[in-house]
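Below is one structure, written out as structure tokens; the observations come after it.
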Amino acid sequence: YETYRHVMKPTDGSAIYAVVCENNRVVRMTQAELELHPGWLNFGSHGHKPPPMRGWLAVPLMSRDGKNIGVLQLSDKYEGEFTKQDEYVALELSHLASASLENAKLLEEIGQLNEGLEQKVAERTAALVRQEALFRALAEQAPQMVWTASPDGRATYFNRAWFDLMGGALDNWTGYQWLAAVHPDDVAAIKETWAVSSRNQAPYAGLRRLRASDGGFHTMAYRVSPVLDEHGALAFWVGIDADITEIKLIEAALRVSNQELEAFSYSVSHDLRSPLNTIDGFSRLLAKQLAPHIAGDSSVKASHYLMRIQAGVAQMGQLIEDLLSLSQVSRAPLNTAPVDLSLMARKRLEEWQIREPVRQVVVKIENGLQAHGDERLVQVVMENLLSNAWKFTGQKAQ
21 YETYRHVMKP TDGSAIYAVV CENNRVVRMT QAELELHPGW LNFGSHGHKP PPMRGWLAVP
81 LMSRDGKNIG VLQLSDKYEG EFTKQDEYVA LELSHLASAS LENAKLLEEI GQLNEGLEQK
141 VAERTAALVR QEALFRALAE QAPQMVWTAS PDGRATYFNR AWFDLMGGAL DNWTGYQWLA
201 AVHPDDVAAI KETWAVSSRN QAPYAGLRRL RASDGGFHTM AYRVSPVLDE HGALAFWVGI
261 DADITEIKLI EAALRVSNQE LEAFSYSVSH DLRSPLNTID GFSRLLAKQL APHIAGDSSV
321 KASHYLMRIQ AGVAQMGQLI EDLLSLSQVS RAPLNTAPVD LSLMARKRLE EWQIREPVRQ
381 VVVKIENGLQ AHGDERLVQV VMENLLSNAW KFTGQKAQ
């Protein structure tokens with residue numbers, strides 16, 4: 021067979037094929053008819069003297085969608101002219117040839133698609149390998165324990181930090197074996213939390229105790245997140261455990277320390293209040309006793325001194341109350357309100373300048389400094405800060 025290419029040049033004899041391709045009909049000619057056909061006179065390089073041919077039978081090749089894809093040509097029958105029966109045979113051959121041509125074209129297209137698909141699969145595989153290598157590198161370097169589990173909670177991977185704390189090898193912990201390391205009192209809560217999160221496909225977190233390779237239990241703060249596939253189904257879990265055993269020990273120590281501080285503060289405040297009440301009571305009695313016997317400037321000075329004593333007693337009483345408040349700050353709510361830091365600092369510094377008038381101190385206080393906090397506790401802070409500044413500059417002339 022020969023393929024018809026649509027671009028025909030009448031001088032090369034291809035015009036004879038146009039009779040078949042343009043009409044998509046079978047053409048059967050005797051030798052005499054062929055020699056008289058205008059398309060045959062210029063066939064090939066023979067010019068007006070084409071070679072003799074004993075009959076000619078041409079059948080169009082049709083695609084499945086009805087388009088012409090070529091011509092099947094039979095010529096030079098050994099005996100006689102082409103018959104109707106020959107035409108039927110040629111039609112069957114044309115069907116087979118058309119199917120073969122289309123199948124060959126499809127195979128070529130499939131081959132090209134497969135080649136592109138194989139390249140994409142190779143690229144995707146390489147990308148997945150890089151992603152897995154990246155995950156493992158990050159997980160192995162992480163200071164916290166990193167692990168993965170199947171959708172039903174079977175452990176599939178643990179990083180280096182897990183084995184550093186728990187010991188053993190991967191085969192000792194995969195599946196549900198890791199549950200054996202969980203404190204018996206924590207197993208039920210873990211399973212319940214996991215079941216709720218599994219139904220909702222949501223992250224979950226909590227605390228659990230794990231028995232380490234040294235035999236002791238370590239308190240772990242864990243957080244687990246689900247990883248979904250492209251269809252939104254649960255693919256696996258990724259979890260992180262952070263060892264907070266030392267933090268828990270520090271918290272326990274702080275609680276004990278706070279309790280001791282509270283007890284100490286109550287004891288100190290009780291011991292301080294008694295002599296303070298004595299000073300306050302006797303200073304008031306002294307003021308009454310001196311009032312009839314002192315006159316003039318001496319009376320004014322005496323009254324001023326007694327007022328300063330009573331003001332100091334009141335301030336000391338307030339400091340005792342603040343000390344009690346400070347001891348309860350870990351469990352008592354703060355009474356937050358606007359606080360004028362400028363006014364608070366000015367009052368303290370004025371009192372110290374009155375007590376030590378010989379000191380040459382230049383004081384600069386920015387006006388209008390406002391804060392938001394518990395006024396009594398802020399006052400304790402300011403008292404400490406300013407008293408340190410006043411005390412540690414006491415040896416300087418200016």
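Here our numbering is used: the first residue of the sequence shown is 21, the next is one more, and so on.
Where is the CB? At the ideal position from N, CA and C, for every residue including glycine.
Please read all numbers here as calculations on a predicted model, not as lab measurements.
The residues 383, 406, in chain order, have a CB closer than 7 Å to that of residue 369 in the same chain once the five nearest residues on each side in sequence are set aside.
In terms of Cβ geometry, residue 268 and residue 239 form a close pair [threshold 8 Å]. Separation of residue 82 and residue 128 (C-alpha to C-alpha, rounded to the nearest whole angstrom) is 19 Å. If you draw a straight line from the Cα of residue 112 to the Cα of residue 122, it is about 16 Å long. In this structure, the alpha-carbon of residue 215 lies about 19 Å from that of residue 203. It is roughly 49 Å from the alpha-carbon of residue 47 to the alpha-carbon of residue 140.
Positions of the beta strand (DSSP E) runs, each at least 3 residues long and wholly inside the segment 164-216, are given as 165-169, 175-178 in order along the chain. By the Cβ neighbour-count rule, residue 364 is buried, with 16 or more other Cβ atoms within 10 Å of its own. Residue nearest to residue 402 within the set 342, 353, 413, 165 is 342 (criterion: CA-CA distance). DSSP, read as helix, strand or coil, puts residue 224 in strand. The residues 372, in chain order, have a CB closer than 7 Å to that of residue 410 in the same chain once the five nearest residues on each side in sequence are set aside. Scanning its chain for C-beta atoms nearer than 7 Å, with the 5 sequence neighbours on each side dropped, one finds around residue 362 the residues 385, 386, 387, 388, 389, in chain order. Rounded to whole angstroms, the gap between the alpha carbons of residue 52 and residue 131 is 47 Å.
Proximity to residue 120 across 108, 101, 45, 89 peaks at 89, based on C-alpha coordinates. With a threshold of 16 other beta carbon atoms within 10 Å, residue 179 meets it and is buried. Fewer than three Cβ pairs drawn from the segment 280-294 and the segment 190-205 lie within less than 8 Å of each other, which leaves the two stretches out of contact. Around the Cβ of residue 98, a 10 Å sphere holds fewer than 16 other Cβ atoms; the residue is exposed. Listed in chain order, the non-local C-beta contacts of residue 303 below 8 Å within the same chain comprise 326, 329, 330, 333, local neighbours out to five positions each way being set aside. The closest CA to that of residue 164, considering only 149, 151, 170, 183, is found on 183. Three or more beta-carbon pairs separated by less than 8 Å are not found between the segment 141-151 and the segment 241-254, which leaves the two stretches without contact.
In the DSSP assignment, the residues bridged to residue 80 are 91. At a Cβ-Cβ threshold of 8 Å, residue 56 and residue 76 do not count as neighbours. Between residue 356 and residue 394, the C-beta spacing is below 8 Å.
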